[in-house]
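Protein chains: 4
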Amino acid sequence: MNKAILLIQCPDQKGIVSDVSRFLYSYNGNILEVDQHVDEEMGMFFMRAAWELDSFSLKKDEIASRFEAEIGKKFQMEFKLHFNFPKPKMAVFVSKLSHCLFDILGRHHAGQLEVDIPLVISNHADLKPIVEAFGIPFFYIPVNTSNKDTAEAEQLALLKEHRVDFIVLARYMQVVSAEFIRHFPNRIINIHHSFLPAFVGARPYHAAYERGVKIIGATAHYVTEELDAGPIIEQEVARVRHHNTIPELVQIGQDVEKVTLSKAIKYHLDRKVLTFKNKTIIFY
Amino acid sequence: MNKAILLIQCPDQKGIVSDVSRFLYSYNGNILEVDQHVDEEMGMFFMRAAWELDSFSLKKDEIASRFEAEIGKKFQMEFKLHFNFPKPKMAVFVSKLSHCLFDILGRHHAGQLEVDIPLVISNHADLKPIVEAFGIPFFYIPVNTSNKDTAEAEQLALLKEHRVDFIVLARYMQVVSAEFIRHFPNRIINIHHSFLPAFVGARPYHAAYERGVKIIGATAHYVTEELDAGPIIEQEVARVRHHNTIPELVQIGQDVEKVTLSKAIKYHLDRKVLTFKNKTIIFY
Amino acid sequence: MNKAILLIQCPDQKGIVSDVSRFLYSYNGNILEVDQHVDEEMGMFFMRAAWELDSFSLKKDEIASRFEAEIGKKFQMEFKLHFNFPKPKMAVFVSKLSHCLFDILGRHHAGQLEVDIPLVISNHADLKPIVEAFGIPFFYIPVNTSNKDTAEAEQLALLKEHRVDFIVLARYMQVVSAEFIRHFPNRIINIHHSFLPAFVGARPYHAAYERGVKIIGATAHYVTEELDAGPIIEQEVARVRHHNTIPELVQIGQDVEKVTLSKAIKYHLDRKVLTFKNKTIIFY
Amino acid sequence: MNKAILLIQCPDQKGIVSDVSRFLYSYNGNILEVDQHVDEEMGMFFMRAAWELDSFSLKKDEIASRFEAEIGKKFQMEFKLHFNFPKPKMAVFVSKLSHCLFDILGRHHAGQLEVDIPLVISNHADLKPIVEAFGIPFFYIPVNTSNKDTAEAEQLALLKEHRVDFIVLARYMQVVSAEFIRHFPNRIINIHHSFLPAFVGARPYHAAYERGVKIIGATAHYVTEELDAGPIIEQEVARVRHHNTIPELVQIGQDVEKVTLSKAIKYHLDRKVLTFKNKTIIFY
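Chains as they are written, first to last, in full-length UniProt numbering: chain Y, 1 to 284; chain P, 1 to 284; chain C, 1 to 284; chain E, 1 to 284.
What follows is the structure, given as structure tokens:
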């Protein structure tokens, strides 16, 4: 089914739901899902509406401008209009750890993810054969302290060439530059291997072990310039015990990481995520 | 804040959200929450809308009839209109096990439940002193095989006298009659001490022990004539291990029971529950 | 590190732990892990002990007979002695659904499973290319109502040829015969796509949808003659809501299935599972 | 059943389990539970053994010295010997928030906690009537910036008078002094209302709201001089969403707090907790 999805944010006022739903109805739209949220502290209104496009009497290309003219302007809305076709294009960045990548490839192969994966980019060549067995091109771009700029330029060229919409860092063990991030604002999803804000930084499982926590976790978030501080999309946890060694924490954690990352990808793909002031609103 | 809450169900058609939200807006209603659900298999539409009443230009008593005339009739809606005042009145039925009752009393005392508790009814006198310490009248009505009818008549009289809106069976170890249930359709909440539909009946922890399950649970549901088969409101689970004896299963389970029951009470109080064909839609 | 693992069950008596640990110490064994469980209702004692083999003064082949002579006989023990080398051999049976298989292959590739996978057997050819990309032989053995006996004979021949120790049914959509099971008692692990004993049978997600449960689950169990009734090794659950369609329940459930199955495989591989009277004792 | 429980820690060596279990057997002890843990990084061995005392041929008062002479000295053990009688005495400190206190009182009333509660101490008088309805003395000791020393002296005198073994801070909103803590080393259990080490300090739910986390938690830990940094006994979490306000986070969190604290109390009472280097080993 061809769907349109509208994500809205604006100062809260009376009549928004009424006007938006009347707009959709007036052009014969069949509303499939509607969610709204009012942040009373900030005085902000957020809304997501999805409707069937086939019977809709506005052409795909007209919708945004008509909506702006009839509704958006009146309420000073920021809005984004998405369609579930053509499928968005997702690049996956990976290093050597395969668990998140394989989880994504498996779901994609099973038809669970409504996305095209035009390429996988890695700073190691290890995972090339299996990625290619799944029918996906693999690009090996080594990264070190001296070539980081050129490596990112090469990555960006590939992303542009394949018209990539968003990027998933599937345990990609490199910090991406602020410059790189500016090309994909709120469109780079990272999986951090801890329950943020606990244990920021490079070795969270070691830190968790040292502190003796009874639960570990993982956090999927949009990448912003400040490391591990971007808007949180999803978090999951798992119970651990005193006898778990660091390698065991890593393994238990990896199961959490892959589930958390895949959920975040799903929310992003379904256009269920709004971001505001470094927080996310997830209409699941 | 004075609020009105509207719960709607009707055959699915275009324009319902639009018409309902326009209705609320046209009388100057500030929508606080709106949720909707379409059951595509049944072709049914469900909606919950909450709005501020203070600025609303219809009088409290006019709303239902106006809504029926302007909207309800057109879409063949079944709808219910609720207000968050005066507080609803909840009776609690209990036997000897105190964990669910104390959990409810504690929450009520802490101001977590927007409800009045005019009475607790029990077939045992044990818990009377503590219930009364919480300032709530306690009625001891013994029940046995020979006096069940008169006991229920006595209960019903008390419930009527105290104008009780709904009943919570907080591990009340008696089966209530079909006749009794008819006085409170979808207004009796029971906590069953298993993850239904596994382990219906009287001794679910024993059955769980026998089967060697690794997880046990509890189910809060509306009471219908068929035992343990009413619409499920909430379920929770807890992990158990081979070394847990039946008394330990009971204790672990009781923690699950009280949390599950309290969640169900909250949903019911917040008018977040719709029932249709023995299932619930919970707009949390 | 080379390890020996001893699994014991016998009638409960005083002195068992003392005698077993003294036996290990007397031959210079360094105990790594020891767990015990007494089932007071059955009057049974269960124990698992793991120790380093390198410094142990008994030869690998002598241990069982010495233990029987010095300890086992005295306490009427049933015991099994395992070593963590050579790696056990695990066959995976699969149909068309790939999620459990891919999860296993991914973990194996990442070195998480101390097991050899000499072959994957399927009644469909679909997954052959990817299995082979992971370097594992794939055998396509079609099964239908008329050839079931010969298909199982062919499977058994392959399992024998590859000296398979145990079998994982990774959503293998065929019922295996009692005759087949007798070749692998408590050595066939199945994943059932429900929280048993709720929803036995072929379409548990449909049944869960019909009943309107708020939590779904998966159960890994050893296969016995009675369908879906074997000893439960592990169970996991996930929360669902009224708006989840059956396909969504299936997807949410598949995530639970793969995690549950992989945990069960780990327990089995680590020799942490004892079975007694259709229940398991899991020393994790 | 009268039980003895032995908690041991010492440098790891061969033969400890063998010697300890032989000791117990030699005096006719029936071992009920035995758990051990080796911290390979620290080279430390930890053990817990529980046995029936009725048939034990050593007198209660002789056990410790005999064990020290026969076993402890040889392995340079630190050990503690506990009995499940007489019941330990637990003091509860509380301020105005009642949820943890009521949970403890409810469990105690239901016979779930093998402990005496000789007194509740509070810096507010609010909860006095209900505590007394449960039959427990309530002491109101106001605390402010100028009287902290004398208040603690008064508290200590009461604790001494009632021969209190350990203290539970059930959302007691005061920081206790280092001097006070020294009277009860690893015998003061606090519930912190966040998933430590995330959100230390006074307003964790506000901080969690600001950061936009998707999961909140609670941490029960022994109190040490460094605030919120003592050994973690138990942690639990709950899922939250973007629409949850801070008061809702508080309520959701309070459910987690009370469950977490009660679990920690249980572990402590069952003598299942060993502490080493600011971490706990929990033999549950």
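All C-beta atoms in this analysis are idealised placements derived from N, C-alpha and C, irrespective of residue type, glycine included. Quantities reported herein were computed from a predicted structural model and do not represent experimental measurements.
Query, Result
"Under the rule that 16 or more other beta-carbon atoms within 10 Å means buried, what is residue 169 (chain Y), buried or exposed?", "buried"
"Given residue 94 (chain E), which residues of its chain have a CB within under 7 Å of its CB, disregarding the five upstream and five downstream residues?", "101, 120, 122, 127, 170, 171 and 172"
"Tell me which residues of the stretch 10-34 of chain P have at least one Cβ-Cβ distance to chain E shorter than 7 Å, keeping chain order.", "none"
"Return yes when the Cβ of residue 195 (chain C) is within less than 8 Å of the Cβ of residue 217 (chain C), no when it is not.", "yes"
"Where do the N-terminal and C-terminal ends of the alpha helix (DSSP H) with residue 263 (chain C) fall, by residue?", "246-269"
"Rounded to whole angstroms, how far is the Cβ of residue 86 (chain E) from the Cβ of residue 165 (chain E), which I believe are closer than 8 Å?", "Incorrect: roughly 10 Å between the Cβ atoms, too far for contact."
"With C-beta atoms as the reference, is residue 176 (chain P) less than 8 Å away from residue 233 (chain P)?", "no"
"Alpha carbon to alpha carbon, how far is residue 222 (chain P) from residue 118 (chain P)?", "21 Å"
"Using three-state DSSP, classify residue 142 (chain C) as helix, strand or coil.", "coil"
"Is residue 76 (chain C) close to chain E? Criterion is C-beta to C-beta, closer than 8 Å.", "no"
"Residue 259 (chain C) versus chain Y: which residues are under 7 Å apart at the beta carbon?", "255"
"Judging by CA-CA distance, which residue of C:215, C:20 and C:206 is the nearest neighbour of residue 241 (chain C)?", "C:215"
"Can you name the residues of chain P whose CB is closer than 7 Å to the CB of residue 36 (chain Y)?", "34"
"Would residue 142 (chain C) count as contacting chain Y if we go by Cβ distances under 8 Å?", "no"
"For residue 50 (chain P), I'd like the list of residues in its chain whose CB is within less than 6 Å of its CB, leaving aside the five on either flank, ordered along the chain.", "3, 5, 32 and 33"
"Closest Cβ-Cβ distance between residue 243 (chain Y) and chain E: below 8 Å?", "yes"
"Given that residue 214 (chain P) touches chain B, what residues does it touch there, using C-beta distances under 9 Å?", "Annotation note: the requested chain B is absent from the structure, which comprises protein chains Y, P, C and E."
"Measuring only between beta-carbons, confirm whether residue 102 (chain P) sits less than 8 Å from chain E.", "yes"
"Inspect the beta-carbon positions of residue 193 (chain Y) and residue 106 (chain C) and report whether they are closer than 8 Å.", "no"
"For residue 245 (chain E) and residue 39 (chain Y), what's the separation of their Cα atoms in angstroms?", "9 Å"
"Quick one: using the 10 Å Cβ neighbour count with 16 as the cut-off for buried, is residue 146 (chain P) buried or exposed?", "exposed"
"Using the three-state DSSP reduction, which class does residue 172 (chain Y) fall into: helix, strand or coil?", "coil"
"Can you tell me whether residue 187 (chain C) is helix, strand or coil according to DSSP?", "coil"
"Spell out whether any CB of chain P is found under 8 Å from the CB atom of residue 198 (chain C).", "yes"
"With three or more beta-carbon pairs closer than 8 Å as the criterion, would you say the stretch 246-258 of chain Y touches the stretch 11-23 of chain P?", "no"
"Of all the options P:237, P:180, P:56 and P:269, which has the alpha carbon lying nearest to the alpha carbon of residue 84 (chain P)?", "P:269"
"Applying the 10 Å Cβ sphere with the 16-neighbour rule, what's the burial state of residue 264 (chain C)?", "buried"
"I want to verify the contact list: residues of chain Y whose CB lies under 9 Å from the CB of residue 193 (chain C), in sequence order.", "The premise fails here: residue 193 (chain C) is roughly 15 Å from chain Y at the closest Cβ pair, so nothing lies under 9 Å."
"Below 6 Å CB to CB, which residues in the same chain sit around residue 35 (chain E) once its five sequence neighbours on both sides are set aside?", "48 and 283"
"In the UniProt domain \"ACT\" (5-86) of chain Y, which residue ranges form an unbroken alpha helix (DSSP H) of at least 4 residues, counting only runs that do not cross its ends?", "16-26 and 63-67"
"Entirely within the stretch 88-152 of chain E and at least 4 residues each: give me those alpha helix (DSSP H) ranges in chain order.", "99-109 and 128-133"
"Determine whether the Cβ of residue 48 (chain P) lies closer than 8 Å to any Cβ atom of chain C.", "no"
"Residue range of the beta strand (DSSP E) that residue 239 (chain C) falls in?", "232-239"
"With residue 130 (chain E) and residue 138 (chain P) assumed to form a contact (beta carbons below 8 Å), what rounded beta-carbon distance in angstroms separates them?", "Actually they do not touch by this definition, with Cβ atoms about 15 Å apart."
"If we ignore side chains and look at the alpha-carbon of each, how far apart do residue 207 (chain P) and residue 200 (chain P) end up?", "9 Å"
"So, helix, strand or coil for residue 158 (chain E), using DSSP?", "helix"
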